[in-house]
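Residue numbers (the numbering used here), protein chains in the order written: chain A, 2 to 123; chain B, 21 to 204. Note that the Cβ used here is the ideal one computed from N, Cα and C, for glycine as well.
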């Protein structure tokens with residue numbers, strides 16, 4: 002991946018990235034939602050978020066939208082990460098460490114296998 | 021929470037919850053005056069005087085999922101233990117300004133921690149909010165306004181690998197290049 006140091010660099014690679022995204026979006030966009038309430042932050046949600054963004058960057062994963070939400074009422078299970086792909090039901094994971102976050106991205110997001118071990122019921 | 025930048029993330033989340041459209045964050049490490057300050061200004065729904073006067077009470081929270089809010093009371097106590105203070109100004113319908121200050125060299129002051137990750141999390145995680153970020157290290161300033169980036173992206177997600185790389189570089193290198201030599 003080319004190094005991006007300025008907005009001008011970003012502009013150059015944008016067209017190419019858009020093209021790749023068009024291909025990927027056809028198979029369904031993946032939404033990743035990280036709980037970022039006080040409870041989540043105190044439990045390590047920022048580290049989980051950081052690991053997710055690092056993995057997307059390092060593995061060059063296209064077509065993923067990462068957003069965050071507030072407290073979802075499962076404070077004892079934080080950090081919580083939810084994955085929604087295309088029109089499939091949302092899957093919720095609890096106590097997501099950076100390591101578990103990387104595993105979820107690899108197994109679930111990239112290969113489509115739910116990581117049952119860390120799944121929690123809402 | 022053991023880092024000031026985690027507290028900063030937590031305060032900024034209050035502004036997100038208050039439906040702010042623009043959120044301005046400023047972090048300053050002022051060696052000459054031995055001060056570390058963090059502030060968050062938003063144009064969210066604000067608080068009336070009654071709520072404002074109670075907001076540092078841990079048993080006051082706007083959340084509906086449980087009845088205790090601990091973010092602000094903890095941070096206020098941490099600042100006051102370090103010859104610092106917390107100030108909150110708010111107007112219903114206009115927005116809220118929160119500032120927290122510490123004696124930078126105080127032995128009990130929490131480390132600033134991973135400020136770049138806090139900013140990356142906020143900007144990527146809340147794409148509909150207009151973020152303005154200022155970091156002052158000694159006399160130097162890093163200024164970031166995501167308006168030009170979003171204009172360039174034209175609706176493409178901020179969690180694109182290239183955009184994450186750009187934001188990470190901007191925050192990490194920008195902060196590192198002007199941060200005072202060591203955390204005392």
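{"Asked": "Quick one: which chain B residues come within Cβ less than 8 Å of residue 58 of chain A?", "Found": "181, 184, 185, 188"}
{"Asked": "Once DSSP output is grouped into helix, strand and coil, what is the label at residue 182 of chain B?", "Found": "helix"}
{"Asked": "Is DSSP giving residue 22 of chain B helix, strand or coil here?", "Found": "coil"}
{"Asked": "Can you tell me the Cα-Cα spacing of residue 67 of chain B and residue 118 of chain A, whole angstroms?", "Found": "42 Å"}
{"Asked": "Quick check on the DSSP output: what are the complete beta strand (DSSP E) runs of length 3 or more inside the region 29-103 of chain A, in order along the chain?", "Found": "31-36, 65-70, 82-86, 92-94"}
{"Asked": "To the nearest angstrom, report how far apart residue 46 of chain A and residue 97 of chain A are at their CA atoms.", "Found": "8 Å"}
{"Asked": "Listing by chain order, which chain A residues have their CB less than 7 Å from the CB of residue 30 of chain B?", "Found": "39, 42"}
{"Asked": "If contact is defined by three or more beta carbon pairs under 8 Å, each pair taking one atom from either stretch, is the region 53-70 of chain B in contact with the region 110-119 of chain B?", "Found": "yes"}
{"Asked": "Since residue 106 of chain B is in the beta strand (DSSP E), which residue starts that stretch and which ends it?", "Found": "105-111"}
{"Asked": "At the 9 Å Cβ level, is residue 48 of chain A part of the contact set with chain B, yes or no?", "Found": "yes"}
{"Asked": "Rounded to the nearest angstrom, how far is the Cβ of residue 101 of chain A from that of residue 68 of chain A, given a contact under 8 Å?", "Found": "Actually they are not in contact, since the Cβ atoms of residue 101 of chain A and residue 68 of chain A sit about 19 Å apart, beyond 8 Å."}
{"Asked": "Mind listing the chain B neighbours of residue 14 of chain A? Cutoff is C-beta to C-beta under 8 Å, in chain order.", "Found": "182"}
{"Asked": "Compare the beta carbon distance of residue 131 of chain B and residue 158 of chain B with 9 Å and say whether it is the shorter of the two.", "Found": "no"}
{"Asked": "Under 7 Å Cβ-Cβ, which residues of chain A neighbour residue 137 of chain B?", "Found": "47, 51"}
{"Asked": "For residue 108 of chain A and residue 30 of chain A, I'd like the C-alpha separation in whole angstroms.", "Found": "16 Å"}
{"Asked": "Hey, residue 75 of chain A and residue 169 of chain B: beta-carbon distance below 9 Å or not?", "Found": "no"}
{"Asked": "Buried or exposed for residue 58 of chain A, please, with buried defined as at least 16 other CB atoms from any protein chain shown within 10 angstroms of its CB.", "Found": "buried"}
{"Asked": "Considering only the beta carbon of each residue, do residue 187 of chain B and residue 135 of chain B sit closer than 9 Å?", "Found": "no"}
{"Asked": "Closest to residue 39 of chain A by CA distance: which of B:50, B:93, B:56 is it?", "Found": "B:93"}
{"Asked": "Any Cβ of chain B within less than 9 Å of the Cβ of residue 65 of chain A?", "Found": "yes"}
{"Asked": "Here's a check: name, in chain order, each residue in its chain whose Cβ is nearer than 6 Å to the Cβ of residue 5 of chain A, leaving out the five neighbours to either side.", "Found": "11"}
{"Asked": "Under the assumption that residue 81 of chain A contacts residue 92 of chain A (Cβ atoms under 8 Å), give the Cβ distance between them as a whole number of angstroms.", "Found": "Going by Cβ atoms, the distance from residue 81 of chain A to residue 92 of chain A rounds to 11 Å, so no, they are not a contact pair."}
{"Asked": "Going along chain A, which residues have a C-beta under 9 Å from residue 144 of chain B?", "Found": "50, 54, 67, 68, 69"}
{"Asked": "Who does residue 46 of chain B pair with in a DSSP beta bridge?", "Found": "B:59, B:154"}
{"Asked": "For residue 126 of chain B, which option in B:23, B:104, B:111, B:46 has the closest C-alpha, if you only look at C-alpha atoms?", "Found": "B:104"}
{"Asked": "In terms of residues, what are the limits of the alpha helix (DSSP H) holding residue 100 of chain B?", "Found": "91-100"}
{"Asked": "Nearest to residue 71 of chain B by alpha carbon, out of B:43, B:109, B:51, B:54?", "Found": "B:109"}
{"Asked": "How is the alpha helix (DSSP H) around residue 143 of chain B delimited, first residue to last?", "Found": "135-145"}
{"Asked": "Can the beta-carbon of residue 26 of chain B be found closer than 9 Å to that of residue 52 of chain A?", "Found": "no"}
{"Asked": "Measuring only between beta-carbons, confirm whether residue 130 of chain B sits less than 9 Å from chain A.", "Found": "no"}
{"Asked": "Measure the CB-CB distance between residue 180 of chain B and residue 173 of chain B and report whether it falls below 9 Å.", "Found": "yes"}
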